[in-house]
Structure formats: structure tokens, C-alpha cells
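Data block below; observations after.
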């Protein structure tokens, strides 16, 4: 388990020959006793000792197997977390983000619930890094994601899309409510920083990738219009309206 936290473990944990030899020897004690008694004195087999030894060995094997199964489960859970969570911020990573909008939009087709998708990007992040250093930039990403996540509703998703860019999935929120949520996130961005965001609503026809693509276009417009704002594209199956929230 310790090796999972290493960047590149020197070698995998293995059974040593000595351990295998001890396990094989102890496993053969009971049948060896039975053979010995059968050869030397077939009429006086010590079945009590053999039975007790067999039970003890069986319990030891079961205990070892239970330990191995528990270890495999712990490793699987840890690997699952590593595969779907960003190592720096702790929020879901790009792989998890690619799956979540598809899952929620599939549910929304049956329920008719609103699904809003936003992409947000920290403003002037490179300048922040150049001014205060990359460690300060890492702290900004961690503190910002923690602050944003604390204001999201249960069921909302915040994921690191890449670099200083994050994705937000808001299920069951109409566009005006989703925009208000993003504005609250913008207000708590730490260290006096801000972000620009592109916000769109699923129109009921598009695939998840197309919705995210529109959110990316809306994000570009937010940056083009002066940053530190939410650019909302309210799309319905019959119409699309654009609003800019500064």
C-alpha cells in the first residue's frame, strides 16, 4: 500500500522464497503426520492431533486470504480515486468530467430536468504565477477549488478541466439560478483573483460534447468581453438567447 504513494516504486512487493517455503512446510505438516502414522503404526493413527493441525492450518490460510482480499479492495479503491481525482486539487479530473455530463444528460432526457454546463478559467493565472511563483499558483488552484466546492449544492460537480480551467455541472438549476451560483463562486475566489466563465444549458438535442463545446465558446466570449464575468448562453430547443453577467 505504501508503494501506491510513490512516484515510481523501486520494485513490487513479492513473496520471498523463504516465506513460500515456510507456508508450504506448515501446510504439509498434517498430511505428513498422517503418512508417518499410517506407515509406522496403521492401527494407532493420532487422528486428534492431525485434525487439530488441519483446522489450525485451514484457519491460517483463510485469515491470510481474507487479508489479501481486503488489501486488494483497498488498493482498488485507492486506484479508483487516483484515476478519477485530480492530484493537486482533489476534485474530479478531466477523465471523470468527460463521463459526468453524459451520465447526467442521459438522466435528464428521461426526467426533463435542466442541466447547465459551465467552463471557468482563472483570469491572468500566468501573470499570478510569474509574480508569486508556481507554488503560489498551486495554492491558488487548491484554495479556489475548495472555496468553490463549498458553495455548490449536493449533486453539483466541480472538476479540473485542465491547467487553470475548471468545469461545473449544475443539474436541476435553470440558467438564471446557475448564473447566480457561478457569481457566488466568483466572489469567493481567493487572493483577490477572479475568473471568467461560459455557461450554457442543454437544449435537449445536443450530445454532451456539443454542450461542453458551446460552454467553451461562451468562455471565450467572456474573456473577450473583459474577463471577470459569466457569459450565459440560454439555449432551448426553439431559441437561444445570450446574456452577459458582470
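Residue numbers (our numbering): 522 to 767.
In this text, a Cβ means the ideal position worked out from N, Cα and C, and glycines have one as well.
Source: prediction; values computed, not measured.
| query | result |
| --- | --- |
| In chain order, each alpha helix (DSSP H) run of at least 4 residues that lies wholly inside the region 573–658 | 615–632, 646–653 |
| Proximity of residue 749 and residue 680 at Cβ, strictly below 8 Å | no |
| Buried or exposed (CB count within 10 angstroms, at least 16 for buried), residue 699 | buried |
| Sub-8 Å separation of residue 718 and residue 639 beta-carbons | yes |
| N-terminal and C-terminal residue of the beta strand (DSSP E) that residue 718 is part of | 716–722 |
| Between the CA atoms of residue 587 and residue 707 - distance to the nearest angstrom | 49 Å |
| Residue 704 and residue 691 closer than 8 Å at C-beta | no |
| Where residue 685 falls: helix, strand or coil (DSSP) | coil |
| Pick from 543, 716, 733, 575 that is closest to residue 554, judged by C-alpha positions | 575 |
| Cβ neighbours of residue 767 in the same chain (closer than 6 Å, five flanking residues each side left out) | Note that residue 767 scores a pLDDT of 48, beneath 50, so its modelled location is shaky; the value from the coordinates is reported in the next line. Result list for residue 767: 750, in chain order. |
| Residue 708 - DSSP class collapsed to helix/strand/coil | helix |
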